[in-house]
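Quick notes on the structure that follows.
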Amino acid sequence: MRITDSLIERKPLVVLLGPTAVGKSRVAIMLAKALETEVLTADSRQVYRGMDIGMDKPSLEERDSVPHRLIDLVEPDQSFNAGEYRHLAVAEIDRLHRGGRLPLVVGGTGLYIRALIRGLWDGPSADWGYRRSLEENARQYGRDWLHQRLTEVDPALAGRLHPHDAVKIIRGLETHHLLGRPLSELHRQHGFGKSEFTTLLIGLAQDRDSLYRAIDARVDAQLKKGLLAETQQLLAKGYDRQLGSMKGLGYRQMAGYLAGEHSYDEAVRRLKRDTRHFAKRQMTWFRKEPDIHWLPIAENESTDRVVSRALDRVDRFLGECRSATPIAACPNPVMING
RNA sequence: GCCGAGGUAGCUCAGUUGGCAGAGCACAGCCCUGAAAAGGCUGGUGUCGACAGUUCGAUUCUGUCCCUCGGCA
């Protein structure tokens, strides 16, 4: 399906999101075929090469049938972040638009999706050397030391963050260190207010119990496919357990077992539990995201049926977009990002 | 049937020398602007097995009963 130039001007974008194990990837492949487009993954973990089973990447056959972009971008010991993601994703979307295609973004990383459709403040990425020195100081002077430092340079942000939330406190200190300005002020200026795309957000929703059953089943399937062996290979290549990528679900728990910290059964129990907790956090995030069109799906509902319901929604979206003369009348009102 | 141990939160259990019950796990709610599958916060009313007695007051003491698990028959 090609879309017309007048439509392309509006930069239409379809995003398929939802918690882990809800079946996004399966639906996405069929949706992409129907729309004659590609799958742009919005998953902070599928960017790592060699992490296939744990990150539940689509199979090679699936990737053969429909091009998947924005996966396998870096090695597990390389850093990646929301800013890079946005940069690359915008380029892919642009490429598809130029070819008259409707871009389809699929994923469960809430921040990446938000960053893509509403932007990020224009700041520096991580300074790992500085972060490590802050962590070292925190170890030496106590848990509240970082928070006290942040109170000195950015009291507004410090007031908003819990004293134990070291990751976000460190980002605030880092920004002040690099730019000399409080992060809270830069955030306020950005405000997530602008969207450069006309976006349809489709959320796949499943009732909690059946989603949890799906998670358990998927973990069992991942183990069967060789999650443990994959973890061993990654460790053997020298990827340390402390790496962000190795802290991903699956590798973290398997590495704990391999290090003799707990039994295999305990690793499996933890993996299932942690995956449930993760799914829950995803749902909390998405609940707050505005303008998501939720598709409730039944436990035994076929992928075909879900896809056809999603396609109906996409058709309606394109129709609304087409008939709307002023851009503001599009379903997801946009302000063109100057 | 007899002897022993036990019945307290969804689960495993602690505890109350008698004064409106508490941990771990599970579960739920939430925060989030370049680490985001990361990181962080919050949440415990539960006929303390049932009934009766003693007591100002019983989940705690006493009695009877019911149930579970061992052992002996």
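Its first residue numbered 19, the first sequence is counted upward by one per residue in this note's numbering. C-beta atoms are modelled at their ideal positions from N, C-alpha and C, and glycine is treated no differently. Remember, predicted model here, so these are calculated numbers, not experimental data.
Give the C-beta separation of L53 and L122 to the nearest angstrom, bearing in mind that I take them to be a contact with Cβ-Cβ under 8 angstroms. Taking the first residue of the first sequence as position 1, residue 53 is located at position 35. Taking the first residue of the first sequence as position 1, residue 122 is located at position 104. 6 angstroms between Cβ atoms; contact.
If you run the structure through DSSP and keep just helix, strand and coil, what is A60? For this step, residue 60 is matched to residue 42 along the first sequence. Of the three classes helix, strand and coil, the one that applies to A60 here is strand, per DSSP.
Any contact between the segment 147-164 and the segment 70-84? By contact I mean 3 or more CB pairs, one from each, below 8 angstroms. no
Is there contact between the segment 193-209 and the segment 116-132, where contact requires at least three CB pairs shorter than 8 angstroms? no
Which residues does DSSP list as the beta-bridge partners of V84? The sequence position of residue 84 within the first sequence is 66, counting from 1. Answer is none; V84 lacks a bridge partner.
Whole-number beta carbon distance between V324 and I315, since they are thought to touch under 8 angstroms: Within the first sequence, the letter at position 297 stands for residue 315. Within the first sequence, the letter at position 306 stands for residue 324. With a Cβ gap of about 5 angstroms, I315 and V324 count as contacting.
For H165, count neighbouring C-beta atoms within 10 Å of its own C-beta (all shown protein chains included) and say buried if the count is 16 or more, exposed if not. Translated into the one-based positions of the first sequence, residue 165 becomes position 147. It is buried - the Cβ of H165 has at least 16 other Cβ atoms within 10 Å.
If you reduce the DSSP assignment to three classes, tell me which class Y66 lands in. One-based indexing of the first sequence puts residue 66 at position 48. Y66: strand per DSSP, three-state reduction.
Can you have a look at D61 and say buried or exposed, based on whether 16 or more other CB atoms are within 10 angstroms of its CB? In the first sequence, residue 61 corresponds to position 43, counting from 1. D61 is buried by the Cβ-count criterion.
Taking the alpha helix (DSSP H) that G36 belongs to, which residues open and close that run? As a first step, residue 36 must be located in the first sequence, where it is residue number 18. That residue, G36, is in no alpha helix (DSSP H); it is neither H nor E in DSSP.
Secondary structure of G221, DSSP reduced to three states: If you number the first sequence from 1, residue 221 lands on position 203. Looking at G221 - three-state DSSP - the assignment turns out to be strand.
CB V108 to CB I89, shorter than 9 angstroms? Taking the first sequence and counting its residues from 1, the one referred to as residue 108 is at position 90. Taking the first sequence and counting its residues from 1, the one referred to as residue 89 is at position 71. No, they are not a contact pair.
DSSP three-state label for L122, please. One-based indexing of the first sequence puts residue 122 at position 104. It is a strand residue.
List the residues that DSSP assigns as beta-bridge partners of T216. Walking along the first sequence from the start, residue 216 turns up at place 198. T216 pairs with P30.
Alpha carbon of M264 to alpha carbon of Y257, nearest angstrom: As a position in the first sequence, residue 264 is number 246, starting the count at 1. As a position in the first sequence, residue 257 is number 239, starting the count at 1. Cα-Cα distance, rounded: 7 angstroms.
Take the Cβ of E248 as the centre, count every other Cβ of all protein chains shown within 10 Å, and call the residue buried at 16 or more, exposed below. In the first sequence, counting from the first residue as 1, residue 248 sits at position 230. Burial call: buried.
The beta strand (DSSP E) with I310 in it runs from where to where? Position 292 of the first sequence, counting from 1, holds the residue named residue 310. Residues 310-314.
Based on Cα-Cα distance, which residue from H295, L179, L175, V185 lies nearest to Y148? Taking the first residue of the first sequence as 1, we reach residue 148 at position 130. Closest by alpha carbon: V185.
DSSP beta-bridge partners of V92: For the purposes of this step, residue 92 is taken as the residue at position 74 of the first sequence. V92 is bridged to Y66.
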